Structures are given as structure tokens and as C-alpha cells.
Amino acid sequence: KMSVQDIRKLVSSTRKFDLLVVGLQEVPKCGVEQVLQEAMADTHILLCQKAMQSIQMFLFGAKSSEAYIKEMKVDKHAVGGCGGVIGRKKGAVAMYINFSGIRMVFVSCHLAAHEHKVEKRNSECRHISHSLFSKNDIHYAKSADITVWLGDLNYRLEGISSMPARKMIEENRQSKLRDRDQLLQEAEKGQVFNGYCEGTLSFKPTYKYNVGSSNYDSSYKDQSAILDR
């Protein structure tokens with residue numbers, strides 16, 4: 096369960112940033128906004144939020160930031176399934192902001208699960224890209240100076256079983272798993288995220304922990320992977 100203290104620790108005490116974007120997936124709506132606002136109250140205000148079932152995104156700005164905002168829009172797009180009627184909806188929520196003349200788009204997404212559904216995830220990425228803000232004049236890919244995707248992209252590790260992967264993680268050799276990462280493989284082939292760059296993956300794979308702990312799923316049924324990017 097997320098606490099005010101957890102958020103404050105995550106964003107640090109100096110907070111020398113104009114904007115902060117928080118993207119969440121598979122998180123209940125209840126109480127999230129209040130926790131985030133309380134954690135940021137000393138320095139930042141909530142400028143915008145958007146949700147589609149358990150996919151959520153919040154945009155915070157410094158208390159003086161409203162004077163620099165020229166335009167702000169939100170959108171959402173669901174993919175696959177039965178429109179979210181059965182099970183949790185996959186897709187994305189997005190925000191467009193013109194801040195001090197810099198046009199930015201932020202996308203919080205949740206893509207298809209399971210190791211073998213690589214092409215489905217690729218297809219969902221493309222579908223979301225072509226659909227967001229398509230009813231406006233600001234098709235995000237063409238108009239934005241900066242576009243940031245974040246979320247549970249659900250890409251897995253290819254060609255390595257659970258036990259060897261976890262041994263490498265335990266020995267802090269997770270950088271050796273980069274060549275196995277499906278997202279990096281697909282991006283290198285030009286299937287997704289053409290023109291994008293990703294920061295160094297300096298954190299350990301985020302899938303899958305035992306609930307309420309920092310220990311990986313003890314059943315070993317699921318392959319460890321960096322689903323969250």
C-alpha cells in the first residue's frame with residue numbers, strides 16, 4: 096500500500112523540477128489522488144489527471160507553474176478484450192501539455208500480458224500511437240517536442256528460464272539480461288518505439304514480487320522481467 100512517506104522518499108526533498116508525472120497501472124482509484132496530493136503539497140499542485148479503470152496518470156506542477164501553461168488536453172484509448180467489460184482493461188491514458196512553449200505528451204499504458212504475446216503488445220503500441228488525440232488537431236506524435244511513454248508494457252525475457260534469470264539478478268548481473276529483453280529486441284528490429292530512447296535500466300526486474308514484500312514470487316512459476324518502464 097502506497098503511503099505519503101513512500102512518495103516523499105521517491106521524489107526527494109529538493110524537488111527542483113517543474114513537472115512531475117505519475118503513471119499507475121493495476122491500482123485501485125480509491126485514495127491515490129489524496130495520497131499524492133498530500134505528499135506533494137509543500138511544493139507542487141495537481142494540474143491534471145486521467146483514469147481508465149486501473150490505468151491512471153497524474154501531472155503535478157510547481158506552485159508557480161500555472162502561469163506557464165498554454166494548453167492542456169487528456170485522452171484515453173482501450174485495446175483488446177471486450178472494452179473492459181470482462182477483466183481489467185488494457186490500453187492507455189495520455190496528457191498533452193504546452194508548458195512554456197514546449198509541447199509534451201505523456202502516455203501511461205498497460206499492454207497485453209504473457210511471454211508469447213510479443214506481437215500483440217507491438218500491435219497495441221502502434222494502435223495506441225495512432226489513436227491518441229486523433230479527434231483533435233494535435234496528433235501527439237507529430238506535434239510534441241517531447242513524448243514520454245511509461246507503464247506496465249509487459250514485455251518479458253526471451254530464451255532464459257526463471258532460475259538462471261533469478262540467479263543473475265541475485266548476483267547483481269541483471270545488465271546481462273538486456274539482450275533477452277523483448278522490448279529492446281523489438282525496438283532494435285523497428286517494430287515499436289522508432290525514434291525513442293530509454294534510460295539505463297539500473298533497477299532490478301519488477302516482476303513478480305510476493306505481495307507486500309521485496310522478494311520475488313517464491314512459486315517460480317513466472318519469469319522475472321522488467322515489465323514496468
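Counting from 1 along the sequence shown, just add 95 to a position and that's the residue number in the working numbering.
Ideal Cβ positions, reconstructed from N, Cα and C, are used throughout, including at glycine.
Small disclaimer: the values here were computed from a predicted structure and weren't measured.
Span separating the alpha-carbon of GLU161 from that of GLY175: 37 Å
Per DSSP, what kind of secondary structure is HIS225 in: helix, strand or coil? helix
Could you check how far apart the C-beta atoms of GLU219 and LYS185 are, in whole angstroms? I think they sit under 8 Å. 7 Å
By the three-class DSSP mapping on this structure, what secondary structure does CYS204 have? strand
Apply the 10 Å Cβ neighbour rule to LYS96 and answer buried if 16 or more other Cβ atoms are within range, or exposed otherwise. exposed
By DSSP, does TYR163 sit in helix, in strand, or in coil? helix
Anyone know if the C-beta pair for LEU119 and GLN151 falls short of 7 Å? yes
Below 7 Å between beta carbons: does that hold for GLY156 and SER203? no
Is it buried or exposed for THR242, if we count other Cβ within 10 angstroms and need 16 for buried? buried
Locate the alpha helix (DSSP H) running through VAL306, then write down its first and last residues. Segment: none, VAL306 is in no alpha helix (DSSP H) and carries neither H nor E.
Among the residues of its own chain, which have a CB less than 8 Å from the CB of CYS143, if the five just before and after it don't count? PHE153, LEU154, MET167, VAL169, MET190, ILE192
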